[in-house]
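Colleague: Residues are numbered in the working numbering as their position in the sequence shown, beginning at 1, plus a constant of 5.
Where is the CB? At the ideal position from N, CA and C, for every residue including glycine.
Treat the numbers as computed from the prediction; the structure is a model and nothing was measured.
I have a structure I would like to understand better, so I am pasting it below and will then ask my questions one at a time.
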Amino acid sequence: MLTREEIRELAEFRGEGADFAISFYFQPILPSDKSHREETIQAKDLVRQALREAEKDGRNGNVGGDLRRILELAEKWKGTRARAKAVFACSGRNIWREVDLPPLLAKSHLFVNRRFHLKELAELMGSQPRLWVVFLDRHRARFFDLHLDEVHEQEALFHALPHRGRGDGFAGYDAGHAERSVNDEVLHHFKNVAEVLKLGVEREAFDRLVIGCQEIHWREFEAHLHPYVKQRLLGRFAAEVGTVTKKLVREQGERMVTESLAQHRHEQVEEVLSQARSNGRGVTGLRRVLRSLEMGEVQVLLMADNYSAHAVECTNCGHLDAHMVAYCSVCGRSTQELEDVCEAIVPAAIRRDVELVYVKGEPEFENVGGIAALLRFRADQKKGGVAAAS
Ligand SMILES: [Zn+2]
């Protein structure tokens, strides 16, 4: 997978002259429905079609060579059913990035444009947080990393408990003493686990956290969690440390991520609609979203999953306009048409660390145009330069 920095680099790319950005997404076809052969033909068709269109528009540049290289790869990939792939290429600028993805793309796609097409990548990154699944009891803890369908065990903590055998002395005294040592050890163990999690957040080892343990252990453990670890906690489920399998990690982790993302998305949609209605920290519709993006106000950009719209972009200052004007309203230079405004706003959002949320199955959201933004602040309502924090 690409690092955030590498994705930002792709988002900053802007091809000029003979340099075009080629983005290829390859979704394997599952053995249950199609054969290898159809998969290869489909990929070839996409590449050939792109070659034809490039020649028609006179966009030769790096396109032919890069597309032929992609075609060769697609031939090789026909056997790798478990993984989707993406390639971002511009040989003119010495860019070639191959990425493994979980096989969750709607279909294979190929884009030849001035910018890289990052929607699917951003969507997968957003829906596939780096997750830690942690199992614990009173003397053991195991840490699993689940990202893009792959499970790795990170580390384990084991604390041998003090021996609870009968002592030679007065039974009452020894039993009480042993009990206290056990409790001290357990406390120490829970503190250690909480510390590993805190360090994990500090070194950005995970985005989200799920904990598997018994209810009784949770009650003891919870108090030790650092507040910023708690912020990343998606939830917990009942589990025994001793019987953990990678399959269980994957199932429970994915279930929690899916549920909490759906819930989170729904809440964000409700919030942006309510904020927009009250003229608060929310805007809807392309025109206002574009303006807020340019003002640097946007914290979360929400788009219908299939959102697409025409717009123009200034060839000089990059200003985006939902009205199809020939000249830029900011600097007066000529504009060029964008077939899909997402080609410009997705990279812009990535460059500015704006959270991207793709919305499905929310009719009210479709009614306001299928695009909206939650704002960090509203520049036109800012008083004395103090932005209202979220
Ligand atoms: Zn301009």
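Please state whether DSSP places His157 in a helix, a strand or coil.
Modeller: Looking at His157 - three-state DSSP - the assignment turns out to be strand.
Colleague: Under the rule that 16 or more other beta-carbon atoms within 10 Å means buried, what is Ala281, buried or exposed?
Modeller: Ala281 is buried by the Cβ-count criterion.
Colleague: With a 10 Å radius around its C-beta and 16 neighbouring C-beta atoms as the bar for buried, classify Arg296 as buried or exposed.
Modeller: By the neighbour-count rule (16 or more Cβ atoms within 10 Å), Arg296 is buried.
Colleague: Note down the Cα distance separating His193 from Asp142, rounded to an integer number of angstroms.
Modeller: Their Cα atoms are separated by approximately 13 Å.
Colleague: Less than 9 Å between the C-beta atoms of His114 and Leu153, yes or no?
Modeller: Against a cut-off of 9 Å, the Cβ pair of Leu153 and His114 comes out as no contact.
Colleague: Among Gly287, Arg260, Val191, whose alpha-carbon lies nearest the alpha-carbon of Gln273?
Modeller: Nearest C-alpha to Gln273: Gly287.
Colleague: Where Arg53 and Phe29 are concerned, what is the direct C-alpha to C-alpha distance, given to the nearest angstrom?
Modeller: So the alpha carbons of these two residues sit roughly 13 Å apart.
Colleague: Return the chain-ordered ranges of every beta strand (DSSP E) run that is complete within the stretch 106-166 and spans a minimum of 3 residues.
Modeller: Taking only runs of at least 3 residues, the beta strand (DSSP E) segments lying wholly in the stretch 106-166 are 114-118, 136-141, 145-152, 155-163.
Colleague: Taking a contact to mean a Cβ-Cβ separation below 9 Å, would you say Phe242 touches Ala199 in this structure?
Modeller: No, they are not a contact pair.
Colleague: DSSP puts Cys319 in a beta bridge; with which residues?
Modeller: DSSP output for Cys319 lists Thr340 as bridge partner(s).
Colleague: For Ala111, count neighbouring C-beta atoms within 10 Å of its own C-beta (all shown protein chains included) and say buried if the count is 16 or more, exposed if not.
Modeller: Under this definition Ala111 is an exposed residue.
Colleague: Tell me the DSSP secondary structure of Glu360 in three-state form.
Modeller: Three-state DSSP puts Glu360 in a strand.
Colleague: Closer than 9 Å, CB to CB, is Ile355 near chain D or not?
Modeller: Reference to chain D is not applicable here, since this structure consists of a single protein chain.
Colleague: Hey, could you find the ends of the beta strand (DSSP E) Gln304 is sitting in?
Modeller: Here the beta strand (DSSP E) through Gln304 covers 303-309.
Colleague: Taking only the alpha-carbon atoms, compute the straight-line gap between Ala2 and Gly131 and give it to the nearest angstrom.
Modeller: As shown, the chain starts at 6 and ends at 395. That puts residue 2 outside it, with no answer to give.
Colleague: Contact between the stretch 339-348 and the stretch 316-323 is defined here as three or more beta-carbon pairs at a separation below 8 Å; is this criterion met?
Modeller: Judged by Cβ distances under 8 Å, the stretch 339-348 makes contact with the stretch 316-323, as three or more pairs qualify.
Colleague: Could you check if Gly247 is buried or exposed, using at least 16 other CB atoms within 10 Å of its CB as the buried criterion?
Modeller: Looking at its Cβ environment, which holds fewer than 16 other Cβ atoms inside 10 Å, Gly247 is exposed.
Colleague: For Arg237, which residues from the same chain have a beta carbon less than 8 Å from its beta carbon, with the 5 sequence-adjacent residues on both sides left out?
Modeller: Contacts found: Val206, Phe211, Asp212, Arg213, Leu214.
Colleague: State the Cα-Cα distance for the pair Ala23 and Gln257, rounded to the nearest angstrom.
Modeller: Their backbone Cα atoms lie some 48 Å apart in a straight line.
Colleague: Just verifying my parser: in three-state terms, what is the DSSP assignment at Lys235?
Modeller: Helix, per DSSP.
Colleague: For the beta strand (DSSP E) that contains Lys252, what are its first and last residues?
Modeller: Segment 251-282 is the alpha helix (DSSP H) holding Lys252; no beta strand (DSSP E) there.
Colleague: In three-state DSSP terms, what is Glu11?
Modeller: Helix at Glu11.
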